Amino acid sequence: MNPTAPSDHLTASGAARPGGPGALMGRTVSRVGYGAMQLERLDRDAAVALLRRAVELGIDHVDTAHFYGNGFVNEVIGAALRPADGVLVVSKVGAEPNPAGPVPLRLAQRPKQLRTAVEDNLRGLGVEQVPLVNLRRADHGPGLRAQGDQVVDLDDQLAVLTELRAEGKIGAIGLSSVTLEGLRRALPAGIACVQNAYSLVARGDEDTLRLCLAEGIAWVPYFPLGGAFAGLPKIADEPAVAAAAQALGVSPAQIGLAWLLHHSQNTLLIPGTADPAHLVANAEAGSVVLDGETLAALDAVPSRTGDIAL
């Protein structure tokens, strides 16, 4: 294996990459990125300022979607990030805004809806190509479940995404909330990353992670600290996490993020926050070193995975 080039540890703006360099769709990115969903909690100026702070911290991998804040988050990203920043913006399709509903999004799984969602992302971000688009499936993991005409075969969805890639509107295809069998079926289409719910306390998709590692696919876990829905475990509730945090003088959340980075070399993180202090803490988690004894104690924490359907 070739040693990592020194320049790989720095972003285009010259900042050190939190967590060191990782790989996504053939590009070098910071292993600690940023999930932009919570930007919708801020006003425009504060959201722009948080994104600029992320760039200063060396974060050059941002995850978004048109349905975050009904387009607000994408518009802010388009305004805040500059080409010279070298930030890789990743979006997703498979849902659409539903501001008046009890849940602010609804599934949009049909091929025509996927194409519309890509066009919405292009327009909102102000770009000619979205570098990477994740297809958010609805048959695995926590969240909404497809019913009626929203039950769509994966092959039909991949067909339209492949067309969009050939047209140059997207650069690469990823998958989210995908089963192991679904990933196997999708491999011939060329998959750049997988985003599944996964954390120290919810490791039910370990086989999917291992397939990604074998195939050179980035593993980008969402809910990296667990507990986003009632009934899901939280890493902060684990005595082993609390003990490691106290011993190292860091927070339980930082232990949870650091464990993910240590667990598999193809892991990239996209923790979300609307708080500048938490943004810094998340970036600093990339520098937390876990020794063998600590890793063994964390690895022994039981996985209590359970799908939570809405």
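The sequence shown finishes on residue 310 if you use the UniProt record's numbering, and the numbering steps up by one all the way, no holes.
A virtual CB, placed ideally from N, CA and C, is assigned to each residue, including glycine.
Every value quoted in this text rests on a predicted model; they were computed, and no experiment measured them.
Anticipated Cβ contact below 8 Å, residue i with residue j, distance rounded
i, j, result
"L260", "P302", "In fact, because the Cβ distance is near 17 Å, the residues do not count as touching under 8 Å."
"E284", "Q254", "7 Å"
"V29", "T64", "Incorrect: roughly 15 Å between the Cβ atoms, too far for contact."
"G14", "R31", "Not a contact, Cβ separation roughly 18 Å."
"Q109", "V152", "4 Å"
N- and C-terminal bounds of the alpha helix (DSSP H) containing residue i
i, result
"H278", "P276 to E284"
"I255", "P252 to H263"
"Q246", "P239 to L248"
"N121", "P111 to L125"
"Q195", "Where Q195 is concerned, there is no enclosing alpha helix (DSSP H), although the beta strand (DSSP E) it sits in stretches over I191 to Q195."
"R52", "R44 to E56"
"L164", "L154 to A166"
"N74", "F72 to A80"
"L211", "E206 to E215"
"A23", "A23 -> not in any alpha helix (DSSP H); beta strand (DSSP E) instead, spanning P21 to L24."
"L180", "L180 to A186"
Option nearest residue i by Cα separation, candidates the options
i, options, result
"A236", "P111, T116, L298 and H61", "L298"
"R52", "A258, A197, P83 and V178", "P83"
"E75", "V48, Y34 and G101", "V48"
"Q113", "A258, S176 and L135", "L135"
"H140", "R17, A197 and P271", "A197"
"L257", "G33, A23 and S13", "G33"
"I59", "V201, D155 and G286", "G286"
"A300", "A277, I270, A240 and G78", "A240"
"P233", "Q147, S177, G124 and R203", "R203"
"P271", "D205, Y222 and L290", "Y222"
"V93", "S176, G35 and G143", "S176"
"N121", "G78, L105 and A159", "G78"
Beta bridge counterpart(s) of residue i as assigned by DSSP
i, result
"K234", "G226"
"L132", "V90"
"E96", "R106"
"T267", "W219"
"A202", "S199"
"G292", "For G292, which the question treats as bridged, DSSP gives no partner whatsoever."
"Y34", "V62"
"A16", "L10"
"G272", "G35"
Residue i - containing beta strand (DSSP E), residue span
i, result
"T28", "R27 to S30"
"G174", "I173 to S176"
"R106", "L105 to L107"
"D63", "H61 to D63"
Open item on the list: With a threshold of 8 Å, are at least 3 pairs of Cβ atoms found where one atom belongs to the stretch 129-136 and the other to the stretch 166-177?
Closed with: Yes, the stretch 129-136 is in contact with the stretch 166-177.
TODO: Determine, using beta-carbon pairs with one atom in the stretch 96-114 and one in the stretch 66-73, whether at least three such pairs fall under 8 Å.
DONE: Yes: the two stretches touch, three or more of their Cβ pairs being nearer than 8 Å.
Task: Three CB pairs or more closer than 8 Å across the stretch 234-251 and the stretch 206-223 - done: Pairwise C-beta distances place the stretch 234-251 out of contact with the stretch 206-223, as fewer than three of them are shorter than 8 Å.
TODO: State whether the stretch 178-190 contacts the stretch 276-283, with contact taken as three or more CB pairs (one from each stretch) at a distance under 8 Å.
DONE: Cβ pair count under 8 Å is below three, so no.
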